[in-house]
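Chains as they are written, first to last, in the numbering used here: chain A, 439 to 776; chain B, 439 to 776. We put the beta carbon where it would ideally sit given N, CA and C, even for glycine. Bear in mind the structure is a predicted one, so any value in this text is a computation, not a measurement. A short write-up of the structure that comes next.
There are 2 protein chains.
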Amino acid sequence: MRVAEIPTPAPVVDAEALARNLTTMSAALPRTRLRPHVKATKCTAIARDQDARGHTNFTCATPAEILGMARAGLGADLLLANETVDASRLRAMAQCGARVTVAVDSSETIESAAANGIAEVLIDVNVGMPRCGCAPDDAGRLADAARAKKLHVRGVMGYEGHVVGLADRSARVEQTAKAMELLAVAYAAVGGDVISAGGTGTYDINTYATEIQAGSYSLMDGAYAELGLPFERAFAIVATVIHVSPTYAVADCGLKALAMDHGNPSMHDARVLFCSDEHVTFVPEAPQHVGDNVFVWPAHVDPTVALHERLYLSEAIDADANVIDPWDVDLRGWNVDR
Amino acid sequence: MRVAEIPTPAPVVDAEALARNLTTMSAALPRTRLRPHVKATKCTAIARDQDARGHTNFTCATPAEILGMARAGLGADLLLANETVDASRLRAMAQCGARVTVAVDSSETIESAAANGIAEVLIDVNVGMPRCGCAPDDAGRLADAARAKKLHVRGVMGYEGHVVGLADRSARVEQTAKAMELLAVAYAAVGGDVISAGGTGTYDINTYATEIQAGSYSLMDGAYAELGLPFERAFAIVATVIHVSPTYAVADCGLKALAMDHGNPSMHDARVLFCSDEHVTFVPEAPQHVGDNVFVWPAHVDPTVALHERLYLSEAIDADANVIDPWDVDLRGWNVDR
Numbered sequence: 439m440r441v442a443e444i445p446t447p448a449p450v451v452d453a454e455a456l457a458r459n460l461t462t463m464s465a466a467l468p469r470t471r472l473r474p475h476v477k478a479t480k481c482t483a484i485a486r487d488q489d490a491r492g493h494t495n496f497t498c499a500t501p502a503e504i505l506g507m508a509r510a511g512l513g514a515d516l517l518l519a520n521e522t523v524d525a526s527r528l529r530a531m532a533q534c535g536a537r538v539t540v541a542v543d544s545s546e547t548i549e550s551a552a553a554n555g556i557a558e559v560l561i562d563v564n565v566g567m568p569r570c571g572c573a574p575d576d577a578g579r580l581a582d583a584a585r586a587k588k589l590h591v592r593g594v595m596g597y598e599g600h601v602v603g604l605a606d607r608s609a610r611v612e613q614t615a616k617a618m619e620l621l622a623v624a625y626a627a628v629g630g631d632v633i634s635a636g637g638t639g640t641y642d643i644n645t646y647a648t649e650i651q652a653g654s655y656s657l658m659d660g661a662y663a664e665l666g667l668p669f670e671r672a673f674a675i676v677a678t679v680i681h682v683s684p685t686y687a688v689a690d691c692g693l694k695a696l697a698m699d700h701g702n703p704s705m706h707d708a709r710v711l712f713c714s715d716e717h718v719t720f721v722p723e724a725p726q727h728v729g730d731n732v733f734v735w736p737a738h739v740d741p742t743v744a745l746h747e748r749l750y751l752s753e754a755i756d757a758d759a760n761v762i763d764p765w766d767v768d769l770r771g772w773n774v775d776r
Numbered sequence: 439m440r441v442a443e444i445p446t447p448a449p450v451v452d453a454e455a456l457a458r459n460l461t462t463m464s465a466a467l468p469r470t471r472l473r474p475h476v477k478a479t480k481c482t483a484i485a486r487d488q489d490a491r492g493h494t495n496f497t498c499a500t501p502a503e504i505l506g507m508a509r510a511g512l513g514a515d516l517l518l519a520n521e522t523v524d525a526s527r528l529r530a531m532a533q534c535g536a537r538v539t540v541a542v543d544s545s546e547t548i549e550s551a552a553a554n555g556i557a558e559v560l561i562d563v564n565v566g567m568p569r570c571g572c573a574p575d576d577a578g579r580l581a582d583a584a585r586a587k588k589l590h591v592r593g594v595m596g597y598e599g600h601v602v603g604l605a606d607r608s609a610r611v612e613q614t615a616k617a618m619e620l621l622a623v624a625y626a627a628v629g630g631d632v633i634s635a636g637g638t639g640t641y642d643i644n645t646y647a648t649e650i651q652a653g654s655y656s657l658m659d660g661a662y663a664e665l666g667l668p669f670e671r672a673f674a675i676v677a678t679v680i681h682v683s684p685t686y687a688v689a690d691c692g693l694k695a696l697a698m699d700h701g702n703p704s705m706h707d708a709r710v711l712f713c714s715d716e717h718v719t720f721v722p723e724a725p726q727h728v729g730d731n732v733f734v735w736p737a738h739v740d741p742t743v744a745l746h747e748r749l750y751l752s753e754a755i756d757a758d759a760n761v762i763d764p765w766d767v768d769l770r771g772w773n774v775d776r
């Protein structure tokens, strides 16, 4: 099967670019120095490749990702780097046969974890981004509360999400240092073996953390691709031209096939005008023909992956390239009973 | 089951608001004056309700929606209001047992339809929005070409998508008239029984079309809700508060649960700061507690629906309300073999 034969719209992954990205990261952060984040790809086939390279421990954003990874036999050490108080999902994770550690940042999340059979936790610390995570000086109290509930506190987590996308590397260096100073305050009060932090934008900057939670490096994002990182964009949507006018053309890849939170997608040799539910209208540099394939590069890969059922691993992002494997996006959705 | 027991994030539909929207529209556009667009809800349960109210003919945006409607027994008269040259999807539609009409706007789309067993077409005309559709003065030539291929040309279609969202009603009136003047030029050359156009924003303005393709009126969109139409917002995402800080709170509803092309979602009694993959960070007016339910109103409903597996029809958009029925979003995705 060639890329041109894939029913459109559908994601195409450049196998060689993906392999180079995985190799580059494994060289920089070998084995468990990297805890790959599966939310970026939602695909156990890619996680299996990461595992084979020695990255046996994984980061997940949802209980469904934890359970899917456990089912796939990739449950050696799974971290839910997120908070939940959903009793049935906590119980399902506790009983899934994998080693599961969950992030906690409040009395409520600690009590829910303990009440539903979770054995191990990290204290999640706010290191500067207004999202989850306790205040650094509250981490010790929460660790004590968790231990009082018989939870094993493995250490701390503190994601510098406000830093990973900064365009200027020296700003990333400076801000990561500040964030990790906050995490160190928490760690001093919590202890444990694990200091989990970082992302693709700080993978070689954050040397304080014992493990880096990068995920986007594998397929690479439009925004990250501006940072001068040694990773290549390996993911585009193949679409079919369905209309050609004298001044623009239209392909079958729209808002239901593209995450738009970072704005319009881009196209090589074409300027994107706008997207509708099932269309992208664009101004091509060269004449297009109805039936031609074009490639649409989403501005944000992570939530785009979640829109699709399959990733088509291919020899290249090119209509004439061969498809190597259709990979299920098997960690989609939030329901544990899928 | 109460709304508070739904695993989050998940869409909740206000049953009474939905019923009022359907009733209001049916009174304005009875029976086949309305050809409801299923892309807005991707849910045959809602289509079945529309059918029961006499709207037996439906509009679809994808072959998968056509095939899903046919499987659901709602195939009396299905219009693919979109172009495709996918031979296997055209054949599947031709053989699905439903009456299927497809939009064509070029020699290529006509030839593909004819070659793959499609019997009936509409000539799709560009009435002012740069997307699909032929030039009005080319419609007659295309109708002749289609008839030469033994296709039954039922008439014309021309969606005034550049008009439906205009804030000022008098502008919508004026621009709809201009768009329909273009469609009339095409219709004069094409003939047939069908003049298909319109949307929720012009449902009572476009009196030229024989049928209106409105869909969003059933659940209503944030943008449309600004237009003073007699339809209510009936769709929100129920989420769970997972973190509370002194100045903000976080709930489990993010970029993977919300279409963001129209910007941030809104929340009652709270200001949304930003969304991450699985989080919304917001500033609530009243104190929040971990485990509380909150409701997040997406800025664009159509592509948000496509992110979810189920719509929870409920007595109200309220944590204490009863869930009436979990409806499958069974027209999701693009693959005809689902």
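Contact belief for residue i with residue j at Cβ below 8 Å, rounded distance in angstroms
{"i": "A/A617", "j": "A/V628", "result": "16 Å between Cβ atoms; not a contact."}
{"i": "A/P736", "j": "A/A697", "result": "6 Å"}
{"i": "A/A635", "j": "A/Y662", "result": "Contact doesn't hold; Cβ gap of about 17 Å is too wide."}
{"i": "B/G593", "j": "B/L560", "result": "6 Å"}
{"i": "B/P474", "j": "B/A485", "result": "7 Å"}
{"i": "A/A502", "j": "A/G771", "result": "6 Å"}
{"i": "A/P568", "j": "B/L528", "result": "50 Å between Cβ atoms; not a contact."}
{"i": "A/L749", "j": "A/V767", "result": "6 Å"}
{"i": "A/L657", "j": "A/V739", "result": "5 Å"}
{"i": "A/A536", "j": "A/M507", "result": "7 Å"}
Close-in-space but distant-in-sequence residues of the same chain around residue i (CB under 7 Å, 5 per side omitted)
{"i": "B/A756", "result": "Looking at the sequence itself, residue 756 of chain B is Asp, so the reference to Ala does not match. V441, listed in sequence order."}
{"i": "A/G729", "result": "T678 and V679"}
{"i": "A/E546", "result": "V523"}
{"i": "B/L512", "result": "T482, A485, R486, D489 and F496"}
{"i": "B/A687", "result": "V679, H681, F720, P722 and Q726"}
First and last residue of the uninterrupted beta strand (DSSP E) at residue i
{"i": "B/T645", "result": "From DSSP, B/T645 is part of no beta strand (DSSP E); its letter is neither H nor E."}
{"i": "A/A541", "result": "V538 to V542"}
{"i": "A/A442", "result": "No beta strand (DSSP E) holds A/A442; DSSP gives it neither H nor E."}
Where residue i falls: helix, strand or coil (DSSP)
{"i": "A/A514", "result": "coil"}
{"i": "A/R579", "result": "helix"}
{"i": "B/I556", "result": "coil"}
{"i": "B/N459", "result": "helix"}
{"i": "B/P449", "result": "strand"}
{"i": "A/M705", "result": "strand"}
{"i": "B/G593", "result": "strand"}
{"i": "B/R491", "result": "coil"}
{"i": "B/V565", "result": "coil"}
{"i": "B/S683", "result": "coil"}
{"i": "B/R776", "result": "Any answer about B/R776 is weak, because its pLDDT of 44 lies below 50 and its placement is not dependable; what the coordinates show is given next. Of the three classes helix, strand and coil, the one that applies to B/R776 here is coil, per DSSP."}
{"i": "A/D699", "result": "coil"}
Span of the alpha helix (DSSP H), counted from its first residue to its last, around residue i
{"i": "B/N495", "result": "B/N495 -> not in any alpha helix (DSSP H); beta strand (DSSP E) instead, spanning N495 to C498."}
{"i": "B/P501", "result": "P501 to R509"}
{"i": "A/A624", "result": "R607 to V628"}
{"i": "A/A532", "result": "A525 to A532"}
Cutoff 6 Å; reference residue i; Cβ partners in own chain excluding five residues on either side
{"i": "A/A455", "result": "E670 and A672"}
{"i": "A/S464", "result": "R491"}
{"i": "A/A552", "result": "K587 and L589"}
{"i": "A/G571", "result": "D543, D562, V563 and N564"}
{"i": "A/A584", "result": "I548, V559 and V591"}
{"i": "A/A577", "result": "I561, V563, A624, A627 and V628"}
Bridge partner(s) assigned by DSSP for residue i
{"i": "B/T678", "result": "B/N731"}
{"i": "B/L749", "result": "B/W765"}
{"i": "A/F669", "result": "The partner list for A/F669 (beta bridge, DSSP) is empty, contrary to what the question assumes."}
{"i": "A/S714", "result": "A/H717"}
{"i": "B/S654", "result": "DSSP output for B/S654 lists no bridge partner at all."}
{"i": "B/H475", "result": "B/T497"}
{"i": "B/S634", "result": "B/M595 and B/E649"}
{"i": "A/N760", "result": "A/R440"}
{"i": "A/P722", "result": "A/A708"}
{"i": "A/V688", "result": "A/H681 and A/T719"}
{"i": "B/C572", "result": "B/V563"}
Beta-carbon contacts of residue i that lie in its chain and below 8 Å, excluding the five residues immediately before and after
{"i": "B/A532", "result": "V538, N554, G555, I556 and A557"}
{"i": "B/L745", "result": "K694, A695, L696 and A697"}
{"i": "A/M439", "result": "N760 and V761"}
Short CB-CB distance (under 8 Å) between residue i and chain E
{"i": "B/I680", "result": "Absent here is chain E; the protein component of the structure consists of chains A and B."}
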